[in-house]
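Numbering (this note's numbering), first residue to last: 117 to 450.
All C-beta atoms, glycine included, are put in the ideal place defined by N, C-alpha and C.
Since this is a predicted model, take the numbers as computed values, not measurements.
Here the structure comes first, spelled out in structure tokens, and everything after it is commentary.
Right, dumping it as structure tokens:
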């Protein structure tokens, strides 16, 4: 009788171990090493959902959105009814400003999982960037109905209200956000923006100071908002000190020059104010300045302060308008 030895197929756990290692490396911030692990798994097993998602997530974090989409789309093909890879693809399309594709992905996720908070949030973000604020607000509201504690969704809702100039509604949402988590600087910063629009400068400076105290590394735009509030309160010395501390960048330069103009204007330094407003106007308009104003500026160079005061008033109005439009345009692009 022939001896029979059964053959037992050994399970290859190497791929699983590599995926776990990749996840661990990613958590440690070792992105290149983590990506190498996921790619190694996919060479042997292209159908690994976790490896495709892991690789896609790393490419996404590194802002390689085309590469991320390759992995997310592979994951979608593996399981078209799984919401997560579709949601990830939607976020990548959102980053690429491919609104139609992003909407398609987020709507698909909602159809698969009506309780997908991030999908409603994604829909709201796309609609807000398309200027469809009422629809965006509805989507943010749906997300909050599933979890009222989601701070960033509430802030996005407030931003949509701000863009519609519904300032009371925006302030209400931001105050709720502060009550949910008093340690988040962004809630105070956005509330400061609302107060500035309402000309409530004392309240604006108070909450903007809180934002800076909570996060000394706040974006420079927040500090400029604080400078603006201080100028309106006529705290010119403090405003000038803070303004000097803000690094000058191409993006912020029009607003910085405009604020210097406001300080000089209130100090009665009309020639300096005019020059600052002129710089703000030129930079905000990307060099497309009014030639008549240029001629007036040159003609008044040697005149007395009364002439400069009149011209400063003219430039102030122009700078206010252009810098405001410049900032609105940047917010629509965020």
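Contained alpha helix (DSSP H) runs [length at least 4] in the region 334-371, N- to C-terminal order = 336-348 and 352-361
Alpha-carbon to alpha-carbon, residue 371 and residue 340 = Locating residue 340 in the chain shown gives position 224, where the first residue counts as 1. Locating residue 371 in the chain shown gives position 255, where the first residue counts as 1. Their backbone Cα atoms lie some 8 Å apart in a straight line.
Just the Cα atoms here: how many angstroms apart are residue 353 and residue 398?
-> On the chain shown, position 237 is the one that residue 353 refers to. On the chain shown, position 282 is the one that residue 398 refers to. Computed Cα separation, rounded: 26 Å.
Determine the burial state of residue 237: buried for a count of at least 16 other Cβ atoms within 10 Å of its Cβ, exposed for fewer.
-> Counting from 1 along the chain shown, the entry for residue 237 is found at position 121. Buried, since its Cβ has 16 or more Cβ neighbours within 10 Å.
Residue nearest to residue 335 in terms of C-alpha spacing, selected from 265, 391 and 363 | If you number the chain shown from 1, residue 335 lands on position 219. With distances taken between Cα atoms, residue 335 lies closest to 363.
Cα separation between residue 244 and residue 276?
-> Numbered from its first residue, the chain shown carries residue 244 at position 128. Numbered from its first residue, the chain shown carries residue 276 at position 160. The straight-line gap from Cα to Cα measures roughly 7 Å.
From residue 205 to residue 360, what does the alpha carbon distance come to, in whole angstroms?
-> By one-based count along the chain shown, residue 205 stands at place 89. By one-based count along the chain shown, residue 360 stands at place 244. So the two alpha carbons sit approximately 43 Å from each other.
Kindly indicate which residue of 137, 175, 145 and 386 has the alpha-carbon position closest to the one of residue 157.
-> Taking the first residue of the chain shown as 1, we reach residue 157 at position 41. Cα-wise, what sits closest to residue 157 is 137.
Buried versus exposed, by CB contacts within 10 Å (16 or more), residue 531 = Since the displayed the chain opens at 117 and closes at 450, residue 531 lies outside it and no answer follows.
Name the two residues that bound the continuous alpha helix (DSSP H) containing residue 308.
-> To locate residue 308, count along the chain shown from 1; it is residue 192. 301-313 is the extent of the alpha helix (DSSP H) around residue 308.
Where does residue 303 land, buried or exposed, given buried means 16+ other C-beta within 10 angstroms?
-> On the chain shown, position 187 is the one that residue 303 refers to. With 16 or more other Cβ atoms within 10 Å, it is buried.
Contact under 9 Å by Cβ, residue 301 with residue 265 = In the chain shown, the residue the question calls residue 301 occupies position 185. In the chain shown, the residue the question calls residue 265 occupies position 149. Going by C-beta atoms, residue 301 is not nearer than 9 Å to residue 265.
For residue 272, the nearest candidate out of 381, 168, 332 and 240 (CA to CA) | In the chain shown, the residue the question calls residue 272 occupies position 156. The candidate whose alpha carbon is nearest that of residue 272 is 240.
If we call anything under 9 Å between Cβ atoms a contact, is residue 208 one with residue 181?
-> Counting from one through the chain shown, the residue named residue 208 turns up at place 92. Counting from one through the chain shown, the residue named residue 181 turns up at place 65. Taking 9 Å as the Cβ cut-off, residue 208 and residue 181 qualify as a contacting pair.
State whether the region 248-263 contacts the region 211-221, with contact taken as three or more CB pairs (one from each stretch) at a distance under 8 Å.
-> no
Determine the burial state of residue 418: buried for a count of at least 16 other Cβ atoms within 10 Å of its Cβ, exposed for fewer.
-> For this step, residue 418 is matched to residue 302 along the chain shown. Reliability of the predicted coordinates at residue 418 is poor, the pLDDT of 40 falling under 50, and the value obtained from them is presented with this limitation in mind. Answer is exposed; the Cβ neighbour count stays below 16.
Segment limits, alpha helix (DSSP H) that includes residue 385 = One-based indexing of the chain shown puts residue 385 at position 269. No alpha helix (DSSP H) holds residue 385; DSSP gives it neither H nor E.
When the Cα atoms are used, what is the spatial distance from residue 268 to residue 386?
-> Here residue 268 refers to the residue found at position 152 when the chain shown is read from its first residue. Here residue 386 refers to the residue found at position 270 when the chain shown is read from its first residue. Their backbone Cα atoms lie some 43 Å apart in a straight line.
Within the region 125-179, note down every full alpha helix (DSSP H) run reaching 4 residues or more, in order along the chain.
-> 130-143, 147-160 and 165-177
Pull up the distance between the alpha-carbon of residue 288 and that of residue 191, whole angstroms please.
-> Position 172 of the chain shown, counted from the first residue, corresponds to residue 288. Position 75 of the chain shown, counted from the first residue, corresponds to residue 191. Rounded to the nearest angstrom, the two C-alpha atoms are 41 Å apart.
Which residue spans inside the region 266-304 form an unbroken alpha helix (DSSP H) run of at least 4?
-> 267-279 and 283-296
Mark residue 366 as exposed unless 16 or more other C-beta atoms lie within 10 angstroms of its C-beta, in which case mark it buried.
-> Here residue 366 refers to the residue found at position 250 of the chain shown. Exposed, since its Cβ has fewer than 16 Cβ neighbours within 10 Å.
Within the region 225-270, ranges of the alpha helix (DSSP H) (whole runs, at least 4 residues) = 233-245 and 249-262
Within the same chain, show all residues whose beta-carbon is closer than 8 Å to that of residue 297, passing over the 5 residues directly before and after it, in chain order.
-> Residue 297 sits at position 181 when you count from the first residue of the chain shown. 267 and 303, listed in sequence order.
Verify the CB distance criterion: does residue 206 have a CB-CB separation below 9 Å to chain B?
-> No chain B is present in this structure, which holds just one protein chain.
With DSSP run on the structure shown, which of helix, strand or coil describes residue 221?
-> Within the chain shown, numbered from 1, the residue matching residue 221 stands at position 105. If DSSP states are grouped into helix, strand and coil, residue 221 belongs with the helices.
Count the other CB atoms within 10 Å of the CB of residue 329; is the residue buried (16 or more) or exposed (fewer)?
-> Along the chain shown, one-based indexing puts residue 329 at 213. Counting Cβ neighbours within 10 Å, residue 329 comes out exposed, since fewer than 16 surround it.
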